[in-house]
Each structure stands twice: as C-alpha cells, then as structure tokens.
Amino acid sequence: MKIIMLGAPGAGKGTQAKKIASKYHIPHISTGDIFRSNIKNGTELGMKAKSFMDAGGLVPDEITIGMLLDRIHEADCANGYVLDGFPRTIPQAQSLTKALEDMGESVDYAVNVDVPDENIISRMSGRRACLACGATYHIVYNAPKKEGVCDVCGQQLVLRDDDKPETVKKRLDVYHEQTQPLIDYYKKAGVLAEVDGTMDMEDVFQAIVKILGA
Ligand code: AMP
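Everything in the sequence shown is counted per this note's numbering, starting at 13 for the first residue and increasing by one.
The structure is reproduced here in structure tokens:
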C-alpha cells in the first residue's frame, strides 16, 4: 500500500504516518527526517538543505525529488510505504506519479489531515522533538513520560527551529501557496481521502484506518 500524507505543517500528519507505518508494516518515509539526519551528520545534502529549512522555506525540488526517488527504490519499500512531507509541490507530485508509472504502479491513498490555520500556530509552539532519534511529542496532546526527555532514547527534547512561531507563519504561507494545490491534484487522480485533524490523535487514526481498511 502506497500512502501519501497531506496537510499543513503541524496538522499531525507525522504522528499519524508513524502509526500507519507500524499498523500496516510499511516504512515511514519523512523527507524532513532525512534532511535533519543529513544535517546532523554534516553531509553535503544536509548543508544544502539547512538554510532553506531554517528560513521556513522548501528545499529545492532538484535536491528533494532525487533523494526521495532513491529512497522508495530501496528493498524495504517493495510492499509500499507511507510518505510524510513529500510531495510538497506540484513538480514533486508529478515526478512521483511518473516514477511510479514507470514501474506500473500508482499511489493508493492521499490522506489529507485537515486542520484550520488558527489551530496550527498554537499546536506547533507545543511541539517538542528529539534530535537524536526523531521522536516527536506535544506538551499537551502527546507529552513524554518525563518532561523534556525522550521516551525512546532518553535524550533532551527541543523546540525545533522550524517550529518557532515566526517560522511557522512563514511555513503556513509556503504551505498554502505550494502544497495545498496537491489536494486538488490527488482529488483528480481519484485517491484523495479527507480526515478531520482537529479530533483527538487516536480518533484521527481510527478515521484513517477506516479509509485504508483493517
Ligand atoms: P517536516 O519535518 O516535514 O515538517 O519538514 C521540515 C522542513 O524540511 C520543511 O519545512 C522543508 O524546509 C524541508 N522539507 C521537508 N520535506 C520537503 C519537501 N518534500 N520539499 C521541500 N522541502 C522539504
């Protein structure tokens, strides 16, 4: 099963993507995580991506598309995957469609986790991330067992630079301009499914499972 998660930054699509990956035994592929891990390891790709990410903009398509297409051709993707944070632009979506067509495949579901802008800013200021293992939390909706400490690996949690309020505002502008048109793109492709992302995390997940099937 090949699934794409759509939604504004902070809509909770990353959390849902991880839950989907675990229930359906498919890899969770987050382009944001891949970039962050490259930054942490000081790779050339990471150095190229960092300035765009810190400014709340998108990493250019010519860097992002190749990286993602390489990833979905790896062996663990044979039975599908859930993409979180890709595609974010129409050219990215077109490249994915084309690459899948070349393999005689297509996306099965594009799940749009819908949350109004008003909710996003307050949500994102409560997000905390573990830069060591990639786990994410929210101080109200998904708190770690011990404040400020990652449940998974015990490292310190931080407010990511790109979750700071001024960056969030910019990211929302970028989302509306470049990523929202993908909702229409996948609607036309006949694979769009919409869920109300303002519900409890577990209710959002149940709504998604209903769409994907048990
Ligand atoms: P995320 O963790 O998905 O919120 O991504 C964090 C940041 O990584 C974004 O704000 C972008 O700067 C960059 N990024 C992640 N995925 C993409 C993508 N598909 N295209 C361009 N930039 C991306």
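Backbone N, C-alpha and C fix where the C-beta goes; we use that ideal spot for every residue, glycine too.
When DSSP states are grouped into helix, strand and coil, residue 163 belongs to the coil group. DSSP places residue 43 inside the alpha helix (DSSP H), whose first and last residues are 43-52.
Secondary structure note for residue 79: its alpha helix (DSSP H) is the uninterrupted segment 73-84. Relative to ligand 1, the beta carbon of residue 109 is positioned no closer than 7 Å to any heavy atom.
Just measuring C-alpha positions, the residue of 98, 66, 106 sitting nearest residue 80 is 98.
DSSP lists 96, 123 as the bridge partner or partners of residue 17. Here residue 165 is exposed, its C-beta having fewer than 16 other C-beta atoms within 10 Å. Taking a 10 Å sphere around the C-beta of residue 21, we find 16 or more other C-beta atoms and assign the residue as buried. Take residue 58, set aside five residues on each side of it, and the residues of its chain with a beta-carbon closer than 6 Å to its own are 50, 51, in chain order. Distance between residue 187 and residue 65, taken at the CA atoms: about 13 Å. In this structure, residue 141 and residue 172 form a Cβ contact; the two beta carbons are roughly 5 Å apart against a cut-off of 8 Å. Rounded to whole angstroms, residue 222 and residue 199 show a C-alpha spacing of 18 Å. With a cutoff of 8 Å on beta-carbon distance, residue 203 and residue 119 are scored as near each other. In this structure, ligand 1 has no non-hydrogen atom nearer than 7 Å to the beta-carbon of residue 49. Beta bridge pairing from DSSP links residue 139 with 150.
For residue 43, the closest of 93, 209, 214, 210 by C-alpha to C-alpha distance is 93. DSSP places residue 214 in no beta strand (DSSP E) but in the uninterrupted alpha helix (DSSP H) bounded by 213-224. Of the other Cβ atoms in all chains shown, fewer than 16 fall within 10 Å of the Cβ of residue 152; this residue is therefore exposed. Set against 7 Å, the gap from the CB of residue 63 to the closest heavy atom of ligand 1 is not smaller.
Pairing residue 100 with residue 218 gives a Cβ-Cβ distance that is not under 8 Å.
By alpha-carbon distance to residue 136, the top candidate from 78, 117, 178, 45 is 178.
Taking the C-beta atoms as reference points, residue 163 is found no nearer than 8 Å to residue 144.
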